[in-house]
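Participant: Chains as they are written, first to last, in my numbering: chain A, 426 to 752; chain B, 426 to 752.
Cβ coordinates follow ideal geometry from the N, Cα and C atoms, glycine included.
There's a structure below that I have some questions on.
There are 2 protein chains.
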Amino acid sequence: MARRAGVPDLVERARRGEHLAVARLISLVEDGADGRGDPGMLREVAAALAPHAGGAHVVGVTGPPGVGKSTSTSALVRALREQGRRVGVLAVDPSSPFSGGALLGDRVRMGEHATDEGVFIRSMATRGQLGGLAWATPQALRVLDAAGCDVVLIETVGVGQSEVDVVRLADTTLVLLAPGMGDGVQAAKAGILEVADVFVVNKADRDGARQTVRDLRHMLTFGDDAGGAGWRPPVLRTVAARGEGMSEVVAAIDEHRVWLDAGGERDRRRLARAEAEIQAIALEQVRARIGDLRGARGLPELARWVVTGRTDPYRAADELVAALGRD
Amino acid sequence: MARRAGVPDLVERARRGEHLAVARLISLVEDGADGRGDPGMLREVAAALAPHAGGAHVVGVTGPPGVGKSTSTSALVRALREQGRRVGVLAVDPSSPFSGGALLGDRVRMGEHATDEGVFIRSMATRGQLGGLAWATPQALRVLDAAGCDVVLIETVGVGQSEVDVVRLADTTLVLLAPGMGDGVQAAKAGILEVADVFVVNKADRDGARQTVRDLRHMLTFGDDAGGAGWRPPVLRTVAARGEGMSEVVAAIDEHRVWLDAGGERDRRRLARAEAEIQAIALEQVRARIGDLRGARGLPELARWVVTGRTDPYRAADELVAALGRD
């Protein structure tokens, strides 16, 4: 029987580009985040990755269902590979209960990249406890980053608020639309207009593509600062199924990357993201510690005081927070 | 110009049953909770009320739209008044942005009780910041409790999860259904079957009432412990618009109250509720303190360390929580 590899060893092997080590690390953070594995594993993997992450450019790929996100992601991978770049793909589906850990499914899904040593593909779906995906995704991203990917694509499969949350992890966000879907209104509703750094009108060989591009450009003149001060999101046309227009998309991503670096915007975004991540983890820690106090001294007695009118819930909460500090 | 009354003075007057003082106190907690007034007012009112609350029996009235919740609440008030009990009503609408502080609207809505000194009616709706209602409702409940109400009815106007949350404040929860609405399935979906202590099939003079009662009873045989160990929710029939069956509903509420007291279940529920309330307030305090750290030392530096790979977000969160304790 093979000895279970330790985290530092796995990280070393992932850095050398070993696909199995990458897959194993992502499984560890998934299991740690959704309650099926050791929650401490999230910490351990994050700690081991910290010195080795930060080099990848993270690109979010989002848009309403049916615009061809999967096809576009696959075509983007091809275009990036033609330039010799190492590419990671996280396909995140917050609305699906199916685990995407299945490498087989990923290979079928992106069959053409299955045997390419320079491509790392992973599907992640909600499993186990709610919210697990939110904890696992940033660490999975760091795994692909540490594995030396030049670009990591995060493709959201589902729709809704969680989709926007996932996209917040990206340096550059592509918003995909397609002709004749009432896209403008849909996109505005989904709140994805504001997060777009690059618009891609896919299926541009279809009727109405020109109109969709015009509508988008018109809308952009109203939101002058969309995408950050000084950056006006371009509106590109692709036919991803035939690979048309993909090199222009790659060029737009690179242009945005240059803009991010030049004005210090990348740094600002990454700092804001790190602050948000630290805060979320800290709040979760506090929540867990309050949970611990529940069974022991503290909370039950305070609740008794509130019920009997000896104190009120606000003063009781003060006591509780003070007790956390003393722990 | 009249001097602005202090909170202790208002509480004294509310305890003597002065309607204006009750209304004023509820406005203070509403304003404090939704960001339009002094957030400290929530604390001040809660502290002043603590010694005087806990006597009222809190009854939640919920159910899908169209079952006649308003009419039933009004009929219940009448039935309780006939027994000389003092009654408070909180009509909570988490889905509406309209402020219900308007006494006029309340009086129109429950016109017949408008001049009754023994009835306190207040509508509360979402206004100002999201979630404000969740903080205001428990304190508004305490105001009516301290005002000497024997029974406080909380009627939810909206639908969805927030509805279920509001009902959690109740000692006894009535779930209203009506014939021919596919109620069983609807109720099961809304998750209100589990929270019901008493089922009321309203509009029982309509076709299908018998079937709805039968369906409910059938469903209840599958969920043997619905409503707590040893209590089997009765299924009653009313025609609230004509006041029919209301005394049976009052009797069922009283029966449930006796059951709650006898087995210590009321105490257990109130303790659990107090624990949840204290926890929520404590977490909110921690969140606010983390927000304070954001602008000052601490968080920005930790974020910088994470971005540069000097530490990982989990260790950074440890630091942040430790900093909270030192404050």
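Does B/G573 come within less than 8 Å of chain A when only Cβ atoms are used?
Facilitator: Along the second sequence, one-based indexing puts residue 573 of chain B at 148. No, no contact with chain A.
Participant: Counting only beta-carbon atoms, is B/G734 nearer than 8 Å to chain E?
Facilitator: Of the protein chains in this structure, namely A and B, none is chain E.
Participant: Spell out whether any CB of chain A is found under 8 Å from the CB atom of B/I398.
Facilitator: An answer regarding residue 398 of chain B cannot be provided, because it is not within the stretch 426 to 752 covered by chain B.
Participant: Under 7 Å between beta-carbons, which chain A residues line up against B/R712? List them in chain order, please.
Facilitator: Translated into the one-based positions of the second sequence, residue 712 of chain B becomes position 287. Near B/R712 (Cβ distances below 7 Å), the residues of chain A are L708.
Participant: Can we say the segment 596 to 604 of chain B touches the segment 471 to 485 of chain B, given the rule of at least three CB pairs closer than 8 Å?
Facilitator: yes
Participant: State yes or no: is the beta carbon of B/L724 nearer than 8 Å to at least one beta carbon in chain A?
Facilitator: By 1-based counting over the second sequence, the position of residue 724 of chain B is 299. Taking Cβ atoms only, chain A reaches closer than 8 Å to B/L724, which makes this a yes.
Participant: For A/W560, which residues from the same chain have a beta carbon less than 7 Å from its beta carbon, with the 5 sequence-adjacent residues on both sides left out?
Facilitator: Locating residue 560 of chain A in the first sequence gives position 135, where the first residue counts as 1. Only A458 and L467 meet the Cβ criterion.
Participant: Is DSSP giving B/R503 helix, strand or coil here?
Facilitator: The residue you call residue 503 of chain B lines up with position 78 of the second sequence. If DSSP states are grouped into helix, strand and coil, B/R503 belongs with the helices.
Participant: Output, in chain order, the set of chain A residues within a Cβ distance shorter than 8 Å of B/I715.
Facilitator: Taking the second sequence and counting its residues from 1, the one referred to as residue 715 of chain B is at position 290. Going along chain A in sequence order, the residues near B/I715 (Cβ under 8 Å) are Q704, A707 and L708.
Participant: Between the C-alpha atoms of A/D575 and B/R712, what's the straight-line distance to the nearest angstrom?
Facilitator: As a working mapping, residue 575 of chain A is identified with position 150 in the first sequence. As a working mapping, residue 712 of chain B is identified with position 287 in the second sequence. One C-alpha to the other measures close to 36 Å.
Participant: Going along the chain, which residues of the segment 462 to 479 of chain A sit with their C-beta nearer than 8 Å to a C-beta in chain B?
Facilitator: L467, R468, A471, A472, L474, A475, P476, H477, A478 and G479
Participant: Taking all protein chains shown into account, do 16 or more other C-beta atoms lie within 10 angstroms of the C-beta of A/V732, making it buried, or fewer, making it exposed?
Facilitator: In the first sequence, counting from the first residue as 1, residue 732 of chain A sits at position 307. It is buried - the Cβ of A/V732 has at least 16 other Cβ atoms within 10 Å.
Participant: As an exercise, report each continuous alpha helix (DSSP H) stretch of at least 4 residues that is fully enclosed by the segment 544 to 574 of chain A, in chain order.
Facilitator: 557 to 571
Participant: Closest Cβ-Cβ distance between B/V492 and chain A: below 8 Å?
Facilitator: Numbered from 1 along the second sequence, position 67 holds the residue referred to as residue 492 of chain B. Cβ-Cβ to chain A under 8 Å: no for B/V492.
Participant: Taking all protein chains shown into account, do 16 or more other C-beta atoms lie within 10 angstroms of the C-beta of B/T646, making it buried, or fewer, making it exposed?
Facilitator: Here residue 646 of chain B refers to the residue found at position 221 when the second sequence is read from its first residue. With fewer than 16 Cβ atoms within 10 Å of its Cβ, B/T646 is classed as exposed.
Participant: Does the Cβ of A/G509 have 16 or more other Cβ atoms within 10 Å, making it buried, or fewer, making it exposed?
Facilitator: Within the first sequence, the letter at position 84 stands for residue 509 of chain A. By the 16-neighbour rule on beta-carbons within 10 angstroms, A/G509 is exposed.
Participant: Would you kindly report the start and end of the unbroken beta strand (DSSP E) that includes A/D463?
Facilitator: If you number the first sequence from 1, residue 463 of chain A lands on position 38. Careful: A/D463 lies outside any beta strand (DSSP E) and carries neither H nor E.
Participant: Below 8 Å between beta carbons: does that hold for A/P658 and A/V623?
Facilitator: On the first sequence, residue 658 of chain A is found 233 positions in, with the first residue counted as 1. On the first sequence, residue 623 of chain A is found 198 positions in, with the first residue counted as 1. If you check the CB distance, A/P658 and A/V623 come in under 8 Å.
Participant: Indicate whether B/P476 and A/G734 have their beta-carbon atoms separated by less than 8 Å.
Facilitator: Reading the second sequence from its first residue, position 51 is the one you call residue 476 of chain B. Reading the first sequence from its first residue, position 309 is the one you call residue 734 of chain A. Their beta carbons are under 8 Å apart, which means B/P476 touches A/G734 by this criterion.
Participant: From B/E702, B/V674 and B/G716, pick the residue whose C-alpha is nearest to that of B/V486; which is it?
Facilitator: Start at 1 with the first residue of the second sequence, and residue 486 of chain B comes out as number 61. Checked all of B/E702, B/V674 and B/G716; the closest Cα to B/V486 is B/V674.
Participant: In chain A, which residues lie with their C-beta within 7 Å of the C-beta of B/L745?
Facilitator: Locating residue 745 of chain B in the second sequence gives position 320, where the first residue counts as 1. Here the neighbours are I703 and A707.
Participant: Which residues in chain A have a C-beta closer than 7 Å to the C-beta of B/L727? List them in chain order.
Facilitator: Counting from one through the second sequence, the residue named residue 727 of chain B turns up at place 302. Within chain A, the residues near B/L727 are I703.
Participant: Mind checking which residues open and close the alpha helix (DSSP H) that includes B/G457?
Facilitator: Working through the second sequence from its first residue, we reach residue 457 of chain B at position 32. Taken as a continuous stretch (DSSP letters only), the alpha helix (DSSP H) holding B/G457 covers H444 to A458.
Participant: Where B/A500 and A/R639 are concerned, what is the direct C-alpha to C-alpha distance, given to the nearest angstrom?
Facilitator: For the purposes of this step, residue 500 of chain B is taken as residue 75 along the second sequence, with counting starting at 1. For the purposes of this step, residue 639 of chain A is taken as residue 214 along the first sequence, with counting starting at 1. Approximately 59 Å, taken between the alpha carbons.
Participant: Round the Cβ separation of A/G543 and A/R440 to the nearest angstrom and send it over; I've been treating them as touching at under 8 Å.
Facilitator: Indexing the first sequence from 1 puts residue 543 of chain A at position 118. Indexing the first sequence from 1 puts residue 440 of chain A at position 15. In fact, because the Cβ distance is near 15 Å, the residues do not count as touching under 8 Å.
Participant: Flag A/R440 as yes if its beta-carbon sits less than 8 Å from any beta-carbon of chain B, otherwise no.
Facilitator: As a first step, residue 440 of chain A is located in the first sequence; it is residue number 15 there, counting from the start. It does not; no Cβ of chain B falls within 8 Å.
Participant: Mind checking if B/P489 is an interface residue toward chain A, Cβ cutoff 8 Å exclusive?
Facilitator: To locate residue 489 of chain B, count along the second sequence from 1; it is residue 64. It does not; no Cβ of chain A falls within 8 Å.
Participant: Measuring CA to CA, which of A/S548, A/V620 and A/L601 is closest to A/V664?
Facilitator: Position 239 of the first sequence, counting from 1, holds the residue named residue 664 of chain A. Checking every option, the nearest Cα to that of A/V664 belongs to A/L601.
Participant: For A/V625, does the three-state DSSP call read helix, strand or coil?
Facilitator: What you label residue 625 of chain A is simply residue 200 of the first sequence in a count that begins at 1. Correct three-state label for A/V625: strand.
Participant: Classify A/D692 as helix, strand or coil using the three-state DSSP reduction.
Facilitator: Start at 1 with the first residue of the first sequence, and residue 692 of chain A comes out as number 267. When DSSP states are grouped into helix, strand and coil, A/D692 belongs to the helix group.
Participant: Do the CB positions of A/I451 and A/R511 come within less than 8 Å of each other?
Facilitator: Residue numbering aside, residue 451 of chain A sits at position 26 when the first sequence is read from its first letter. Residue numbering aside, residue 511 of chain A sits at position 86 when the first sequence is read from its first letter. Cβ distance not < 8 Å, so A/I451 and A/R511 don't count as in contact.
Participant: Starting from B/Q439 and walking both ways along the alpha helix (DSSP H), at which residues does that stretch end?
Facilitator: For the purposes of this step, residue 439 of chain B is taken as the residue at position 14 of the second sequence. This sequence places Ala at residue 439 of chain B; Gln is not what is there. For B/A439, the uninterrupted alpha helix (DSSP H) run begins and ends at V432 to R440, by DSSP.
Participant: Return helix, strand or coil for B/G716, following the three-state DSSP convention.
Facilitator: The residue given as residue 716 of chain B occupies position 291 in the second sequence. Looking at B/G716 - three-state DSSP - the assignment turns out to be helix.
Participant: Does the distance from the C-beta atom of A/P563 to that of A/E702 stay below 8 Å?
Facilitator: As a first step, residue 563 of chain A must be located in the first sequence, where it is residue number 138. As a first step, residue 702 of chain A must be located in the first sequence, where it is residue number 277. In contact: A/P563 and A/E702 (Cβ atoms closer than 8 Å).
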